[in-house]
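Taking our numbering, the leading residue of the sequence shown gets 869, the next gets one more, and so forth. Each residue gets a CB set at the ideal place from its N, CA and C atoms; glycine is no exception. Report on the following structure.
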Amino acid sequence: MKTDIEIAREIELKPIQDIAQNLGIDNANVEPYGHHIAKIGLGSLRPEKIAKSNLILVTAITPNKAGVGKTTVSIGLALGLNQIGKRAIVALREPSLGPCFGQKGGAAGGGYAQVLPMENINLHFTGDFHAITSAHNMITALLDNYIYQNRDNCVGLSEVLWKRVLDVNDRSLRNIVSGLGNSTDGIPRQTGFDITPASEIMAILCLAKDLEDLRLRIENILLGYTKEGEPFTVKDLGVAGAVTVLLKDAIKPNLVQTTEHTPAFVHGGPFANIAHGCNSMLATKMAMSYGEYAITEAGFGADLGAEKFFDIKCRVGGLQPKLTVLVATLSALKLHGGLDEKRIKDPDKEGVLRGLANLDRHVHNLRNFGQRVVVCFNRFASDIDSEIELVRRHCEDELGVGFAVNNAFAEGGKGAAELAQLVVDTIENKPSMPLKFAYESDETIEQKVEKIAHKIYSAGSVTYSSKAAKALAKIRELHLGHLPVCIAKTQFSFSTDAKEYGDVRGFEMKVTDLVINRGAGMIVVVMGDIMRMPGLPKAPQAVNIDIVDGHIEGLS
(Lines of atoms letter the chains of each structure in order from A and count residues from 1; the text may use other names and numbers.)
(Lines give C-alpha, C1' and ligand atoms only; values in the text may rest on other atoms or scores of the structure.)
Protein backbone atom coordinates (compact mmCIF):
# COMPACT_ATOMS: atom_id res chain seq x y z
CA MET A 1 0.00 0.00 0.00
CA LYS A 2 1.12 3.55 -0.63
CA THR A 3 2.47 5.67 2.22
CA ASP A 4 0.25 8.24 3.95
CA ILE A 5 2.03 11.13 2.29
CA GLU A 6 1.80 9.51 -1.17
CA ILE A 7 -1.95 9.05 -0.72
CA ALA A 8 -2.32 12.60 0.54
CA ARG A 9 -0.52 14.02 -2.50
CA GLU A 10 -2.80 12.19 -4.93
CA ILE A 11 -5.99 13.74 -3.51
CA GLU A 12 -7.19 16.74 -5.51
CA LEU A 13 -8.28 19.10 -2.76
CA LYS A 14 -11.25 21.41 -3.10
CA PRO A 15 -10.85 25.14 -2.44
CA ILE A 16 -11.52 25.73 1.24
CA GLN A 17 -14.15 28.35 0.37
CA ASP A 18 -16.15 25.57 -1.33
CA ILE A 19 -15.93 23.36 1.78
CA ALA A 20 -17.14 26.27 3.94
CA GLN A 21 -19.87 27.24 1.50
CA ASN A 22 -21.21 23.68 1.36
CA LEU A 23 -21.50 23.77 5.14
CA GLY A 24 -23.43 27.02 4.99
CA ILE A 25 -20.77 29.20 6.62
CA ASP A 26 -21.05 32.84 5.63
CA ASN A 27 -18.10 33.90 3.48
CA ALA A 28 -17.50 36.88 5.80
CA ASN A 29 -16.49 34.41 8.54
CA VAL A 30 -14.01 32.51 6.34
CA GLU A 31 -10.38 33.66 6.56
CA PRO A 32 -8.32 31.60 4.07
CA TYR A 33 -4.76 30.55 4.94
CA GLY A 34 -3.78 29.62 1.42
CA HIS A 35 -6.05 27.56 -0.84
CA HIS A 36 -7.00 24.66 1.45
CA ILE A 37 -7.02 25.95 5.05
CA ALA A 38 -9.15 28.61 6.70
CA LYS A 39 -9.81 30.18 10.06
CA ILE A 40 -13.53 30.36 10.85
CA GLY A 41 -14.87 33.36 12.75
CA LEU A 42 -16.71 32.72 16.01
CA GLY A 43 -19.79 34.43 14.60
CA SER A 44 -20.42 31.18 12.70
CA LEU A 45 -21.50 29.29 15.82
CA ARG A 46 -25.16 28.24 15.81
CA PRO A 47 -26.40 27.55 19.37
CA GLU A 48 -29.77 26.30 18.13
CA LYS A 49 -28.06 23.64 15.97
CA ILE A 50 -25.55 22.59 18.63
CA ALA A 51 -28.35 21.33 20.88
CA LYS A 52 -29.67 19.05 18.11
CA SER A 53 -26.37 17.58 16.91
CA ASN A 54 -25.29 14.03 17.80
CA LEU A 55 -21.91 14.35 19.52
CA ILE A 56 -19.81 11.17 19.37
CA LEU A 57 -16.61 10.60 21.34
CA VAL A 58 -13.86 8.31 20.04
CA THR A 59 -11.58 6.89 22.72
CA ALA A 60 -9.58 3.68 23.17
CA ILE A 61 -8.36 0.84 25.33
CA THR A 62 -4.96 1.36 26.98
CA PRO A 63 -2.63 1.83 23.97
CA ASN A 64 0.68 0.27 23.08
CA LYS A 65 3.54 2.57 22.06
CA ALA A 66 2.42 2.66 18.41
CA GLY A 67 -1.07 3.74 19.43
CA VAL A 68 -4.38 2.24 18.36
CA GLY A 69 -5.38 4.69 15.62
CA LYS A 70 -8.09 6.81 17.25
CA THR A 71 -7.54 9.65 14.79
CA THR A 72 -7.84 7.30 11.82
CA VAL A 73 -11.04 5.88 13.31
CA SER A 74 -12.45 9.35 14.05
CA ILE A 75 -11.83 10.50 10.48
CA GLY A 76 -12.99 7.15 9.10
CA LEU A 77 -16.24 7.34 11.08
CA ALA A 78 -16.96 10.79 9.62
CA LEU A 79 -16.27 9.40 6.14
CA GLY A 80 -18.45 6.37 6.82
CA LEU A 81 -21.36 8.44 8.09
CA ASN A 82 -21.26 10.58 4.98
CA GLN A 83 -21.03 7.38 2.93
CA ILE A 84 -24.38 6.20 4.33
CA GLY A 85 -26.03 9.56 3.75
CA LYS A 86 -25.48 11.37 7.05
CA ARG A 87 -24.01 14.86 7.43
CA ALA A 88 -20.94 14.34 9.62
CA ILE A 89 -18.03 16.59 10.62
CA VAL A 90 -14.93 15.63 12.58
CA ALA A 91 -13.18 17.82 15.18
CA LEU A 92 -9.60 16.92 16.09
CA ARG A 93 -6.54 18.21 17.90
CA GLU A 94 -3.60 19.76 16.09
CA PRO A 95 -0.37 17.71 16.03
CA SER A 96 2.59 18.85 18.12
CA LEU A 97 6.00 19.20 16.49
CA GLY A 98 7.57 17.36 19.44
CA PRO A 99 6.03 13.94 18.73
CA CYS A 100 6.04 14.51 14.94
CA PHE A 101 9.84 14.75 14.94
CA GLY A 102 10.15 12.43 17.94
CA GLN A 103 8.24 9.16 17.92
CA LYS A 104 5.04 9.57 15.89
CA GLY A 105 6.10 11.16 12.61
CA GLY A 106 2.66 12.76 12.24
CA ALA A 107 -0.86 12.82 13.64
CA ALA A 108 -3.30 13.58 10.83
CA GLY A 109 -4.81 10.12 10.49
CA GLY A 110 -3.57 7.49 8.06
CA GLY A 111 -4.07 5.80 4.71
CA TYR A 112 -7.33 6.85 3.07
CA ALA A 113 -8.64 8.39 6.31
CA GLN A 114 -6.59 11.56 6.69
CA VAL A 115 -7.16 15.27 7.19
CA LEU A 116 -5.49 17.33 4.49
CA PRO A 117 -3.19 19.02 3.61
CA MET A 118 -1.39 16.72 6.02
CA GLU A 119 2.06 18.29 5.57
CA ASN A 120 0.75 21.68 6.72
CA ILE A 121 -1.35 20.24 9.53
CA ASN A 122 1.59 18.23 10.89
CA LEU A 123 4.00 21.15 10.67
CA HIS A 124 3.34 24.86 11.29
CA PHE A 125 -0.32 24.78 10.13
CA THR A 126 -1.90 28.19 10.91
CA GLY A 127 0.62 29.05 13.63
CA ASP A 128 -1.66 28.31 16.60
CA PHE A 129 1.04 26.45 18.53
CA HIS A 130 3.54 29.23 17.82
CA ALA A 131 1.03 31.81 19.08
CA ILE A 132 0.47 29.80 22.27
CA THR A 133 4.24 29.39 22.75
CA SER A 134 4.77 33.13 22.21
CA ALA A 135 1.93 34.12 24.54
CA HIS A 136 3.19 31.82 27.28
CA ASN A 137 6.79 32.99 26.99
CA MET A 138 5.73 36.63 26.74
CA ILE A 139 4.19 36.22 30.19
CA THR A 140 7.44 34.69 31.43
CA ALA A 141 9.55 37.52 30.02
CA LEU A 142 7.26 40.17 31.54
CA LEU A 143 7.26 38.31 34.86
CA ASP A 144 11.06 38.07 34.91
CA ASN A 145 11.24 41.76 34.11
CA TYR A 146 8.86 42.52 36.99
CA ILE A 147 11.06 40.51 39.35
CA TYR A 148 14.19 42.28 38.07
CA GLN A 149 12.71 45.79 38.28
CA ASN A 150 11.43 45.16 41.82
CA ARG A 151 14.49 43.31 43.11
CA ASP A 152 15.31 45.99 45.67
CA ASN A 153 11.88 46.73 47.09
CA CYS A 154 9.17 44.93 49.02
CA VAL A 155 6.75 44.28 46.15
CA GLY A 156 8.71 41.38 44.67
CA LEU A 157 7.78 37.70 44.66
CA SER A 158 8.81 35.04 47.13
CA GLU A 159 7.91 32.12 44.85
CA VAL A 160 7.60 31.83 41.06
CA LEU A 161 5.47 29.03 39.56
CA TRP A 162 5.48 29.98 35.86
CA LYS A 163 7.98 28.34 33.49
CA ARG A 164 8.62 28.60 29.77
CA VAL A 165 7.39 26.30 26.99
CA LEU A 166 8.66 25.09 23.63
CA ASP A 167 7.02 22.77 21.09
CA VAL A 168 9.88 20.28 20.94
CA ASN A 169 10.87 17.18 22.88
CA ASP A 170 13.98 18.27 24.79
CA ARG A 171 14.86 16.58 28.07
CA SER A 172 17.80 18.94 28.67
CA LEU A 173 15.37 21.84 29.20
CA ARG A 174 13.32 20.19 31.95
CA ASN A 175 15.40 21.80 34.68
CA ILE A 176 17.56 24.87 34.05
CA VAL A 177 18.89 27.98 35.77
CA SER A 178 18.03 31.27 34.07
CA GLY A 179 19.37 34.80 34.61
CA LEU A 180 23.07 33.85 34.81
CA GLY A 181 25.75 36.32 33.78
CA ASN A 182 26.02 40.00 34.65
CA SER A 183 23.72 41.74 37.12
CA THR A 184 21.92 43.31 34.14
CA ASP A 185 21.09 39.85 32.73
CA GLY A 186 18.33 39.12 35.22
CA ILE A 187 17.86 37.43 38.56
CA PRO A 188 19.24 33.87 38.66
CA ARG A 189 16.57 31.31 39.48
CA GLN A 190 15.93 27.63 38.98
CA THR A 191 13.21 27.04 36.40
CA GLY A 192 12.56 24.88 33.33
CA PHE A 193 10.55 24.27 30.17
CA ASP A 194 7.36 22.30 29.55
CA ILE A 195 6.26 21.26 26.08
CA THR A 196 3.71 23.65 24.52
CA PRO A 197 0.78 21.16 24.71
CA ALA A 198 1.24 21.21 28.51
CA SER A 199 0.99 25.01 28.68
CA GLU A 200 -1.90 26.42 30.66
CA ILE A 201 -2.41 28.77 27.71
CA MET A 202 -3.16 25.69 25.57
CA ALA A 203 -5.74 24.50 28.09
CA ILE A 204 -7.26 27.97 28.28
CA LEU A 205 -7.52 28.30 24.50
CA CYS A 206 -9.21 24.90 24.30
CA LEU A 207 -11.79 25.68 26.99
CA ALA A 208 -12.53 29.36 26.24
CA LYS A 209 -15.96 30.13 24.80
CA ASP A 210 -14.99 33.45 23.16
CA LEU A 211 -12.33 36.16 23.16
CA GLU A 212 -13.69 37.81 26.32
CA ASP A 213 -13.65 34.51 28.20
CA LEU A 214 -10.12 33.91 26.91
CA ARG A 215 -8.96 37.22 28.40
CA LEU A 216 -10.65 36.58 31.76
CA ARG A 217 -9.00 33.18 31.98
CA ILE A 218 -5.59 34.66 31.11
CA GLU A 219 -6.05 37.26 33.86
CA ASN A 220 -6.61 34.46 36.38
CA ILE A 221 -3.37 32.58 35.64
CA LEU A 222 -1.45 32.11 38.88
CA LEU A 223 2.19 33.09 38.37
CA GLY A 224 3.51 32.90 41.92
CA TYR A 225 3.19 34.37 45.41
CA THR A 226 4.16 37.74 46.84
CA LYS A 227 6.41 38.18 49.85
CA GLU A 228 3.22 38.49 51.91
CA GLY A 229 2.09 35.07 50.64
CA GLU A 230 -0.67 36.45 48.40
CA PRO A 231 -1.31 34.99 44.93
CA PHE A 232 0.19 36.96 42.04
CA THR A 233 -1.64 36.67 38.70
CA VAL A 234 -1.41 37.91 35.13
CA LYS A 235 -4.02 40.51 36.11
CA ASP A 236 -1.63 41.79 38.78
CA LEU A 237 1.09 41.97 36.14
CA GLY A 238 -1.27 44.07 34.02
CA VAL A 239 -0.58 42.33 30.69
CA ALA A 240 -3.68 40.22 29.98
CA GLY A 241 -4.62 42.48 27.08
CA ALA A 242 -1.22 42.13 25.43
CA VAL A 243 -1.30 38.34 25.79
CA THR A 244 -4.83 38.16 24.39
CA VAL A 245 -3.71 40.16 21.35
CA LEU A 246 -1.20 37.40 20.56
CA LEU A 247 -4.05 34.86 20.57
CA LYS A 248 -6.75 36.82 18.72
CA ASP A 249 -6.40 34.66 15.59
CA ALA A 250 -5.36 31.44 17.30
CA ILE A 251 -8.73 31.22 19.09
CA LYS A 252 -10.54 30.78 15.76
CA PRO A 253 -11.00 27.11 14.73
CA ASN A 254 -9.21 25.84 11.62
CA LEU A 255 -11.26 24.32 8.80
CA VAL A 256 -9.68 21.69 6.52
CA GLN A 257 -10.97 18.64 4.63
CA THR A 258 -10.49 14.88 4.64
CA THR A 259 -9.35 12.57 1.87
CA GLU A 260 -13.02 12.46 0.77
CA HIS A 261 -13.60 16.21 1.22
CA THR A 262 -15.52 15.81 4.49
CA PRO A 263 -15.20 19.02 6.54
CA ALA A 264 -12.85 18.83 9.53
CA PHE A 265 -12.12 21.32 12.30
CA VAL A 266 -8.57 20.85 13.63
CA HIS A 267 -7.86 23.12 16.58
CA GLY A 268 -5.88 23.01 19.82
CA GLY A 269 -3.66 20.21 21.03
CA PRO A 270 -3.25 19.46 24.75
CA PHE A 271 -1.76 16.03 25.50
CA ALA A 272 -3.95 13.67 27.55
CA ASN A 273 -1.17 12.27 29.76
CA ILE A 274 -0.12 15.72 31.06
CA ALA A 275 -3.15 17.90 30.17
CA HIS A 276 -6.84 17.42 29.35
CA GLY A 277 -6.35 15.85 25.93
CA CYS A 278 -9.22 17.31 23.87
CA ASN A 279 -9.48 19.67 20.91
CA SER A 280 -10.94 23.12 21.51
CA MET A 281 -14.48 23.60 22.77
CA LEU A 282 -15.03 26.04 19.92
CA ALA A 283 -14.02 23.49 17.25
CA THR A 284 -16.32 20.87 18.77
CA LYS A 285 -19.24 23.30 18.89
CA MET A 286 -18.45 24.48 15.36
CA ALA A 287 -18.69 20.86 14.16
CA MET A 288 -21.97 20.50 16.08
CA SER A 289 -23.25 23.73 14.51
CA TYR A 290 -23.02 22.30 11.00
CA GLY A 291 -23.07 18.52 11.38
CA GLU A 292 -25.94 16.16 12.09
CA TYR A 293 -23.17 14.06 13.62
CA ALA A 294 -20.05 15.59 15.19
CA ILE A 295 -17.14 13.24 15.91
CA THR A 296 -14.36 14.17 18.31
CA GLU A 297 -11.63 12.25 20.11
CA ALA A 298 -9.90 12.24 23.47
CA GLY A 299 -6.22 11.35 23.78
CA PHE A 300 -4.71 7.99 24.78
CA GLY A 301 -6.89 5.45 26.62
CA ALA A 302 -10.38 6.10 27.97
CA ASP A 303 -9.06 6.21 31.55
CA LEU A 304 -7.15 9.40 30.71
CA GLY A 305 -8.77 11.04 27.70
CA ALA A 306 -12.43 10.07 28.07
CA GLU A 307 -12.50 10.78 31.81
CA LYS A 308 -11.19 14.30 31.22
CA PHE A 309 -13.51 14.81 28.25
CA PHE A 310 -16.50 14.04 30.47
CA ASP A 311 -15.38 15.51 33.80
CA ILE A 312 -13.71 18.66 32.44
CA LYS A 313 -14.76 19.49 28.88
CA CYS A 314 -18.38 18.34 29.05
CA ARG A 315 -18.81 19.86 32.51
CA VAL A 316 -17.44 23.24 31.39
CA GLY A 317 -19.19 23.29 28.01
CA GLY A 318 -22.49 21.67 28.92
CA LEU A 319 -21.96 18.92 26.36
CA GLN A 320 -24.00 15.70 26.28
CA PRO A 321 -22.29 13.09 24.06
CA LYS A 322 -24.75 10.61 22.56
CA LEU A 323 -22.32 7.69 22.25
CA THR A 324 -18.70 6.66 22.80
CA VAL A 325 -16.69 4.56 20.36
CA LEU A 326 -14.01 2.46 22.07
CA VAL A 327 -11.13 1.58 19.72
CA ALA A 328 -9.19 -1.67 20.10
CA THR A 329 -6.44 -3.42 18.14
CA LEU A 330 -5.01 -6.94 18.29
CA SER A 331 -1.55 -5.57 19.08
CA ALA A 332 -2.78 -3.65 22.13
CA LEU A 333 -4.90 -6.58 23.33
CA LYS A 334 -1.94 -8.97 23.06
CA LEU A 335 0.30 -6.56 24.95
CA HIS A 336 -2.26 -6.47 27.76
CA GLY A 337 -2.55 -10.25 27.47
CA GLY A 338 1.04 -10.67 28.58
CA LEU A 339 2.90 -10.94 25.28
CA ASP A 340 6.32 -9.38 24.90
CA GLU A 341 6.21 -6.15 22.95
CA LYS A 342 8.26 -7.72 20.16
CA ARG A 343 5.63 -10.47 19.69
CA ILE A 344 2.38 -8.51 19.71
CA LYS A 345 1.96 -8.86 15.93
CA ASP A 346 2.36 -12.65 16.07
CA PRO A 347 -0.72 -14.94 16.09
CA ASP A 348 -1.73 -15.75 19.68
CA LYS A 349 -5.40 -16.39 20.48
CA GLU A 350 -4.75 -16.92 24.18
CA GLY A 351 -2.97 -13.59 24.38
CA VAL A 352 -5.99 -11.90 22.78
CA LEU A 353 -8.38 -13.55 25.22
CA ARG A 354 -6.30 -12.52 28.23
CA GLY A 355 -6.02 -8.96 26.91
CA LEU A 356 -9.80 -8.57 26.73
CA ALA A 357 -9.81 -7.84 30.47
CA ASN A 358 -8.35 -4.41 29.66
CA LEU A 359 -11.12 -3.73 27.14
CA ASP A 360 -13.73 -4.87 29.66
CA ARG A 361 -12.48 -2.35 32.23
CA HIS A 362 -12.85 0.52 29.77
CA VAL A 363 -16.34 -0.57 28.71
CA HIS A 364 -17.37 -0.77 32.37
CA ASN A 365 -15.96 2.69 33.10
CA LEU A 366 -17.66 4.28 30.08
CA ARG A 367 -21.00 2.77 31.04
CA ASN A 368 -20.60 4.24 34.51
CA PHE A 369 -20.47 7.66 32.83
CA GLY A 370 -23.91 6.86 31.40
CA GLN A 371 -22.56 6.30 27.90
CA ARG A 372 -23.86 4.05 25.16
CA VAL A 373 -20.75 2.20 23.96
CA VAL A 374 -19.73 0.47 20.75
CA VAL A 375 -16.37 -1.21 20.17
CA CYS A 376 -14.49 -0.41 16.97
CA PHE A 377 -11.82 -2.87 15.93
CA ASN A 378 -9.20 -0.90 13.99
CA ARG A 379 -7.89 -3.37 11.45
CA PHE A 380 -4.25 -3.67 10.39
CA ALA A 381 -2.97 -5.62 7.38
CA SER A 382 -1.36 -8.33 9.54
CA ASP A 383 -4.53 -9.07 11.56
CA ILE A 384 -6.07 -12.56 11.47
CA ASP A 385 -9.82 -12.97 10.92
CA SER A 386 -10.18 -15.73 13.51
CA GLU A 387 -8.66 -13.50 16.22
CA ILE A 388 -10.90 -10.60 15.23
CA GLU A 389 -13.91 -12.92 15.60
CA LEU A 390 -12.81 -13.75 19.14
CA VAL A 391 -13.08 -10.06 20.00
CA ARG A 392 -16.40 -9.68 18.17
CA ARG A 393 -18.02 -12.62 20.00
CA HIS A 394 -16.73 -11.38 23.34
CA CYS A 395 -18.13 -7.88 22.79
CA GLU A 396 -21.50 -8.92 21.40
CA ASP A 397 -22.19 -12.05 23.46
CA GLU A 398 -20.50 -11.36 26.80
CA LEU A 399 -20.46 -7.57 27.07
CA GLY A 400 -23.60 -6.86 25.08
CA VAL A 401 -22.03 -4.01 23.12
CA GLY A 402 -22.03 -3.41 19.38
CA PHE A 403 -18.89 -4.33 17.45
CA ALA A 404 -17.65 -3.22 14.03
CA VAL A 405 -14.41 -3.52 12.09
CA ASN A 406 -12.90 -0.31 10.75
CA ASN A 407 -11.15 -0.60 7.36
CA ALA A 408 -11.04 3.12 6.65
CA PHE A 409 -7.24 3.13 6.53
CA ALA A 410 -7.31 0.92 3.40
CA GLU A 411 -10.74 1.72 1.97
CA GLY A 412 -11.75 5.21 3.16
CA GLY A 413 -15.43 5.82 3.92
CA LYS A 414 -16.51 2.51 2.39
CA GLY A 415 -14.35 0.69 4.94
CA ALA A 416 -16.07 2.49 7.83
CA ALA A 417 -19.67 2.09 6.64
CA GLU A 418 -20.27 -0.85 9.02
CA LEU A 419 -19.08 1.23 11.98
CA ALA A 420 -21.12 4.23 10.84
CA GLN A 421 -24.32 2.19 10.56
CA LEU A 422 -23.71 0.65 13.99
CA VAL A 423 -23.27 4.12 15.51
CA VAL A 424 -26.49 5.41 13.92
CA ASP A 425 -28.49 2.32 14.89
CA THR A 426 -27.23 2.45 18.49
CA ILE A 427 -28.09 6.14 18.88
CA GLU A 428 -31.52 5.70 17.32
CA ASN A 429 -32.53 2.43 19.00
CA LYS A 430 -30.71 2.10 22.34
CA PRO A 431 -31.99 4.09 25.35
CA SER A 432 -29.89 7.10 26.31
CA MET A 433 -28.90 8.33 29.75
CA PRO A 434 -27.72 11.74 30.95
CA LEU A 435 -23.99 12.08 31.41
CA LYS A 436 -22.77 11.09 34.87
CA PHE A 437 -19.59 12.62 36.24
CA ALA A 438 -17.01 10.68 38.26
CA TYR A 439 -17.25 13.30 41.03
CA GLU A 440 -19.21 16.39 42.01
CA SER A 441 -17.81 19.93 41.89
CA ASP A 442 -18.45 20.59 45.59
CA GLU A 443 -16.27 17.68 46.72
CA THR A 444 -12.72 18.31 47.91
CA ILE A 445 -9.72 17.78 45.69
CA GLU A 446 -8.78 14.72 47.74
CA GLN A 447 -12.27 13.26 47.31
CA LYS A 448 -12.16 13.87 43.55
CA VAL A 449 -8.77 12.19 43.22
CA GLU A 450 -9.93 9.26 45.38
CA LYS A 451 -13.03 8.74 43.27
CA ILE A 452 -11.10 8.73 40.00
CA ALA A 453 -8.42 6.48 41.49
CA HIS A 454 -10.95 3.91 42.69
CA LYS A 455 -13.71 4.20 40.06
CA ILE A 456 -11.57 4.55 36.96
CA TYR A 457 -8.21 3.03 37.86
CA SER A 458 -9.22 0.45 40.54
CA ALA A 459 -6.35 1.64 42.72
CA GLY A 460 -5.95 0.27 46.24
CA SER A 461 -4.79 3.53 47.79
CA VAL A 462 -3.82 7.13 47.07
CA THR A 463 -0.84 8.70 48.81
CA TYR A 464 0.62 12.20 48.65
CA SER A 465 4.26 13.31 48.68
CA SER A 466 5.22 16.11 51.04
CA LYS A 467 5.33 18.47 48.06
CA ALA A 468 1.81 17.44 47.04
CA ALA A 469 0.55 17.84 50.61
CA LYS A 470 1.82 21.43 50.70
CA ALA A 471 0.12 22.10 47.36
CA LEU A 472 -3.15 20.73 48.75
CA ALA A 473 -2.91 23.08 51.69
CA LYS A 474 -2.38 26.01 49.32
CA ILE A 475 -5.40 24.96 47.22
CA ARG A 476 -7.56 24.94 50.35
CA GLU A 477 -6.18 28.32 51.39
CA LEU A 478 -7.07 29.81 48.00
CA HIS A 479 -10.55 28.21 48.07
CA LEU A 480 -9.99 26.38 44.79
CA GLY A 481 -11.32 23.01 45.86
CA HIS A 482 -14.34 23.38 43.56
CA LEU A 483 -12.18 23.04 40.43
CA PRO A 484 -12.13 19.79 38.44
CA VAL A 485 -8.97 17.68 38.52
CA CYS A 486 -6.78 16.75 35.56
CA ILE A 487 -4.78 13.58 36.15
CA ALA A 488 -1.23 13.60 34.74
CA LYS A 489 0.17 10.06 34.58
CA THR A 490 1.50 7.41 32.22
CA GLN A 491 -0.81 6.50 29.35
CA PHE A 492 0.39 2.91 29.11
CA SER A 493 -1.21 1.50 32.25
CA PHE A 494 -4.14 1.92 34.61
CA SER A 495 -1.45 2.25 37.28
CA THR A 496 1.37 4.79 37.53
CA ASP A 497 3.87 2.15 36.33
CA ALA A 498 4.15 2.30 32.52
CA LYS A 499 4.98 -1.43 32.36
CA GLU A 500 2.02 -2.69 34.40
CA TYR A 501 -0.13 -3.82 31.48
CA GLY A 502 -3.52 -5.50 31.42
CA ASP A 503 -6.15 -5.39 34.15
CA VAL A 504 -3.93 -4.21 37.00
CA ARG A 505 -5.73 -3.45 40.30
CA GLY A 506 -5.10 -2.68 43.96
CA PHE A 507 -1.94 -0.64 43.44
CA GLU A 508 -0.79 2.54 45.16
CA MET A 509 -1.28 5.79 43.25
CA LYS A 510 1.22 8.32 44.51
CA VAL A 511 0.47 11.99 43.91
CA THR A 512 3.83 13.71 43.52
CA ASP A 513 2.56 17.26 42.89
CA LEU A 514 -0.51 19.40 42.23
CA VAL A 515 -0.36 22.30 39.79
CA ILE A 516 -2.91 25.10 40.08
CA ASN A 517 -4.20 26.06 36.63
CA ARG A 518 -6.54 28.77 37.88
CA GLY A 519 -6.93 30.36 34.46
CA ALA A 520 -7.87 27.09 32.79
CA GLY A 521 -10.03 26.26 35.80
CA MET A 522 -8.48 22.93 36.85
CA ILE A 523 -6.01 21.34 39.21
CA VAL A 524 -3.40 19.19 37.46
CA VAL A 525 -2.68 16.16 39.66
CA VAL A 526 0.76 14.74 38.82
CA MET A 527 1.12 11.03 39.55
CA GLY A 528 4.24 8.88 39.43
CA ASP A 529 7.23 10.08 37.43
CA ILE A 530 5.32 11.60 34.50
CA MET A 531 7.19 14.52 32.89
CA ARG A 532 5.71 17.62 31.26
CA MET A 533 8.64 17.89 28.83
CA PRO A 534 9.17 14.64 26.89
CA GLY A 535 12.53 13.44 25.65
CA LEU A 536 13.47 12.07 22.24
CA PRO A 537 13.82 8.33 21.50
CA LYS A 538 17.10 6.75 20.46
CA ALA A 539 16.04 6.94 16.80
CA PRO A 540 13.78 10.01 16.44
CA GLN A 541 11.50 10.33 13.41
CA ALA A 542 13.45 13.47 12.47
CA VAL A 543 16.07 11.27 10.82
CA ASN A 544 13.41 10.08 8.33
CA ILE A 545 11.97 13.51 7.46
CA ASP A 546 13.42 15.39 4.51
CA ILE A 547 12.49 17.51 1.51
CA VAL A 548 13.24 15.86 -1.85
CA ASP A 549 12.61 17.59 -5.18
CA GLY A 550 10.40 20.07 -3.38
CA HIS A 551 8.31 17.37 -1.67
CA ILE A 552 8.31 16.58 2.06
CA GLU A 553 9.09 12.93 2.84
CA GLY A 554 8.89 10.96 6.08
CA LEU A 555 5.70 12.35 7.61
CA SER A 556 3.04 9.78 8.43
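It is roughly 22 Å from the alpha-carbon of R1183 to the alpha-carbon of G1159.
Residue range 915-918 is occupied by the alpha helix (DSSP H) that includes K917. Under the three-state reduction of DSSP output, G902 falls in the coil class, being neither helix nor strand. For V1383, the enclosing beta strand (DSSP E) covers residues 1376-1385. Nearest C-alpha to K1338 among N1297, E1314, N1088: E1314.
Contact annotation: A1288 and Y980 have beta-carbon atoms that are not nearer than 9 Å. If one requires a minimum length of 3 residues, the beta strand (DSSP E) runs lying completely within the segment 903-986 are 906-908, 922-928, 956-960, 981-984, in chain order.
For a cut-off of 8 Å, the C-beta gap from L1221 to L1258 is around 6 Å, short enough to register as a contact. Beta-bridge analysis with DSSP links H1419 to V1416. CA-to-CA, the gap between L1090 and H1419 works out to about 44 Å. Taking each of N1021, G1374, F1362, M1156 in turn and checking the Cα distance to L960, the smallest one comes out for M1156.
Assigned with DSSP and collapsed to three states, I875 falls in helix. Residues of the same chain with a CB within less than 7 Å of the CB of D1216, apart from the 5 flanking positions on each side, are K1202, L1207 in chain order. Under DSSP, C1022 forms no beta bridge with any residue.
V1379 is the residue among L1075, I905, A1306, V1379 whose C-alpha sits nearest the C-alpha of Y1332. Going by beta carbons, V1134 and N1122 fall inside the 9 Å limit. Ranked by Cα distance from R1386, the options A1336, I1069, V1317, L1191 are led by I1069.
CA-CA distance, G1370 to G1396, rounds to 18 Å. Between the segment 1225-1235 and the segment 966-980, the count of C-beta pairs closer than 8 Å stays below three; the two stretches do not touch. The C-beta separation of V958 from T1130 comes to about 7 Å, placing the pair in contact by the 8 Å criterion.
The straight-line gap separating the alpha-carbon atoms of Q971 and F1139 is approximately 14 Å. According to the DSSP secondary-structure assignment, S1329 is paired through a beta bridge with E1376. For R1057, the enclosing beta strand (DSSP E) starts and ends at 1057-1059. The beta carbon of Y901 sits closer than 6 Å to the beta carbons of T994 from its chain, once the five residues preceding and following it are set aside; these are given in chain order.
In the three-state scheme derived from DSSP, where H, G and I count as helix and E and B as strand, D1310 is classed as coil. Judged by DSSP in its simplified three-state form, F997 adopts helix. By the criterion of a C-beta distance shorter than 6 Å, H904 is surrounded in its chain by L881, I884, P985, once the five residues flanking it on both sides are discounted. Bounds of the beta strand (DSSP E) holding M1390 are 1390-1395. Here the alpha carbons of I1384 and K1077 stand approximately 21 Å from one another. By the Cβ neighbour-count rule, I1415 is exposed, with fewer than 16 other Cβ atoms within 10 Å of its own. At a cut-off of 4 residues, the continuous stretches assigned as alpha helix (DSSP H) that sit fully inside the segment 1126-1213 are 1149-1158, 1198-1204.
In the displayed model, V1045 falls within a strand according to three-state DSSP. Every beta strand (DSSP E) of 3 residues or more that sits fully in the segment 1052-1122 is shown, in chain order, as 1057-1059, 1061-1063, 1090-1094, 1099-1101. Taking the C-beta atoms as reference points, Q1125 is found nearer than 9 Å to I887.
Straight-line measurement puts the Cα of D1228 at about 45 Å from the Cα of N897.
For R1400, same chain residues with a beta-carbon under 6 Å away, outside a window of 5 residues either side, are D1062, A1066, I1142 in chain order.
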